[in-house]
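Trainee: One structure follows; several queries about it will come next.
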Amino acid sequence: MPNQLTTTVRPITPHTCIIDIQGDITAQAETDLMNAYTQASQNGTTAIILNFEGLDYMNSSGIGLLVTMLIRGQRQKQRLLAFGLSEHYQQIFALTRLNEAIGIYDDETAAVTAVTTPA
Amino acid sequence: MNDKPPDTHTPDNAASWAKPVDTLTVGDTPAEAINLNVQGKRVSGPLQGFGQLWQKTYRFRLRGVQTTSAELVRLWKEKLPELMPPNSRFYPSITGVKPGEVIIINATMPGVPGAISTGVMILYADDEAFTVMTPEGHPESGFNTFSAYEADGVLVAQIQSLARANDPIYEFGFRFMGGSKEQEKIWHHVLAQLGAQLGVSGAVEMEKVCVDPRLQWSRAKNVWHNALIRSTLHMPVRLARRVVIGKTGSSGTQGVDSP
């Protein structure tokens, strides 16, 4: 049985939010995922970090949703980062070349540091 | 702060995804297929293309059909080459529509002599959907997902593309030379043919959303891989080869033809 997606939006700094993802990312997750993105984008957010530690399952429609979210973010000049991806899904990000646009980090600390530390 | 280490378990659908590859490898293809512009190319997704990014969704409601979405997708995978219009031939490998396999595509385009030879990689395939991803040089850069689901007691066959033109030449063709309409006709045809296989006729619904109206000028150099140009330049070689084969009587499957 599919696990319905649940998301939690956590502001980390005034301009950075984390979206905690729990469950499956499939076509059925579109509304929940985009609502979470909209919530995270409020108040001048410049970086959104996706926490995939609770991801159970993702299919190709789910990858399409992430592309759409990324494009929305790019149009608002936001950075999109991710952590908590299993080795399998890191390979899928590489295969689909999503990793060229979404920074992938081992854990939350590394992702937040990447956002808050000047390049 | 959440310091839990990444979950490294393998999900249930791991086998549905293609294995990671740097570049594409084409196996044996039918003798009639022109195998160009795929071998050694990288895949190219919605982020790597040049033109406006469009999501186009085509739906066909199969009213009265008593079968499951899994059975419909099984039929779709099996009959895919037959469902394509004559101007866009698909040549799957012997293995069929399986993750990681390459489908060679030979297509003609309005106003262009000869055929464009390209292909797609099966990125994902499970019981209810399969997705193809384009290589460098393909007219589009992105994904096409073919799926089936039930809505209000009616089985629906759906094709959803999330793609942008791969380079400026293709973008011009899609926008000003009727390429976009031609592309849409292909998927209308495929769904109508799928319905016909099941004895259903009707209208195909289409929704178009421009996900990103911007052009990615940093990707203009993708034109180097343009399969249309390369196929056209390769035409004299193919004609010469055909003459030689005609004289020697060679036939059979065609191996890899490097671009």
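Read top to bottom, the protein sequences are chains A and B.
Per the numbering used here, residue 18 is the first one in the first sequence, and the count goes up by one each step.
Per the numbering used here, residue 29 is the first one in the second sequence, and the count goes up by one each step.
Quick reminder that beta carbons are idealized off the backbone N, C-alpha and C, glycines included.
The structure presented is a predicted model; accordingly, all values stated were derived computationally and were not measured.
1) Taking a Cβ distance cut-off of 9 Å, strictly less, list which residues of the segment 60-80 of chain B are near chain A, in chain order.
2) Between the segment 142-152 of chain B and the segment 246-253 of chain B, do three or more beta carbon pairs fall short of 8 Å?
3) Just to confirm the assignment: which complete beta strand (DSSP E) runs, minimum length 3, are found wholly within the segment 172-214 of chain B?
4) In angstroms, rounded to a whole number, what distance separates the CA positions of L261 of chain B and I42 of chain A?
5) For T57 of chain B, collect the residues of the same chain with a Cβ closer than 6 Å to its Cβ; drop the 5 residues on either side in sequence, then sort them by chain order.
6) Where does P33 of chain B land, buried or exposed, given buried means 16+ other C-beta within 10 angstroms?
7) Measure the Cβ-Cβ separation of G40 of chain A and N60 of chain A and say whether it is below 7 Å.
8) Going along the chain, which residues of its own chain have a beta-carbon closer than 6 Å to the beta-carbon of N116 of chain A, five neighbours each way excluded?
9) Among residues of its own chain, excluding the 5 on either side of G223 of chain B, which ones have a beta-carbon nearer than 7 Å to its beta-carbon?
10) Could you compute how far the alpha carbon of M29 of chain B sits from the alpha carbon of G120 of chain A?
11) Given E178 of chain B, which residues of its chain have a CB within under 8 Å of its CB, disregarding the five upstream and five downstream residues?
12) Which residue spans inside the segment 87-156 of chain B form an unbroken alpha helix (DSSP H) run of at least 4?
13) For the beta strand (DSSP E) holding R92 of chain A, just list the boundary residues, first then last.
14) Contact criterion: CB-CB distance below 7 Å. Does V84 of chain A meet it with respect to chain B?
15) Let me know if W245 of chain B comes out buried or exposed under the rule of 16 or more other beta-carbons within 10 Å of its beta-carbon.
16) Return helix, strand or coil for K289 of chain B, following the three-state DSSP convention.
17) Does the segment 188-197 of chain B touch the segment 94-111 of chain B, meaning 3 or more C-beta pairs lie closer than 8 Å?
18) List the residues of chain A that M161 of chain B touches, going by C-beta distances under 8 Å, in chain order.
Mentor: Reading off the structure:
1) The segment 60-80 of chain B vs chain A, Cβ under 9 Å: R70, V71, S72, G73, P74, L75 and Q76.
2) Contact annotation: the segment 142-152 of chain B does not touch the segment 246-253 of chain B, with fewer than three C-beta pairs closer than 8 Å.
3) Every beta strand (DSSP E) stretch that sits fully inside the segment 172-214 of chain B and reaches 3 residues is listed by chain position as 182-193.
4) Translated into the one-based positions of the second sequence, residue 261 of chain B becomes position 233. Translated into the one-based positions of the first sequence, residue 42 of chain A becomes position 25. Looking at the two C-alpha atoms, the distance is approximately 43 Å.
5) On the second sequence, position 29 is the one that residue 57 of chain B refers to. Cβ within range, chain order: N63, Y119, I132 and Q282.
6) As a first step, residue 33 of chain B must be located in the second sequence, where it is residue number 5. In this predicted model, P33 of chain B has a pLDDT of only 40, less than 50, meaning its place in the structure is not dependable; the value taken from the coordinates is given anyway. Burial check for P33 of chain B: the Cβ neighbour count within 10 Å stays below 16, so the residue is exposed.
7) For this step, residue 40 of chain A is matched to residue 23 along the first sequence. For this step, residue 60 of chain A is matched to residue 43 along the first sequence. Not closer than 7 Å, so no.
8) Locating residue 116 of chain A in the first sequence gives position 99, counting from the first residue. If we look at N116 of chain A and ignore the five residues flanking it on each side, its Cβ neighbours are F110.
9) Sequence index remark: in the second sequence, residue 223 of chain B carries index 195 (1-based). Annotation for G223 of chain B: F88, L90, S229 and G230 place their beta carbon closer than 7 Å to its own, counting only its chain and skipping 5 residues before and after.
10) Taking the second sequence and counting its residues from 1, the one referred to as residue 29 of chain B is at position 1. Taking the first sequence and counting its residues from 1, the one referred to as residue 120 of chain A is at position 103. Annotation note: pLDDT 40 at M29 of chain B (below 50); position unreliable, no value reported.
11) The sequence position of residue 178 of chain B within the second sequence is 150, counting from 1. Hits under 8 Å: S97 and V184.
12) For secondary structure counted as the alpha helix (DSSP H) over 4 or more consecutive residues, the segment 87-156 of chain B holds these complete runs in sequence order: 97-111.
13) Numbered from 1 along the first sequence, position 75 holds the residue referred to as residue 92 of chain A. Premise fails: R92 of chain A lies in the alpha helix (DSSP H), S77 to R92, not in any beta strand (DSSP E).
14) The count along the first sequence starts at 1 and reaches residue 84 of chain A at position 67. Any Cβ of chain B closer than 7 Å to the Cβ of V84 of chain A would place that residue at the interface, and such an atom is present.
15) Here residue 245 of chain B refers to the residue found at position 217 of the second sequence. Counting every other CB atom within 10 Å of its CB across the protein chains shown gives W245 of chain B a total below 16, marking it as exposed.
16) For residue 289 of chain B there is no data in the structure shown, the boundaries of chain B being 29 and 287.
17) As far as the Cβ criterion goes, the segment 94-111 of chain B does not touch the segment 188-197 of chain B, which means the pair count is below three.
18) Here residue 161 of chain B refers to the residue found at position 133 of the second sequence. Residues of chain A passing the Cβ test: T113.
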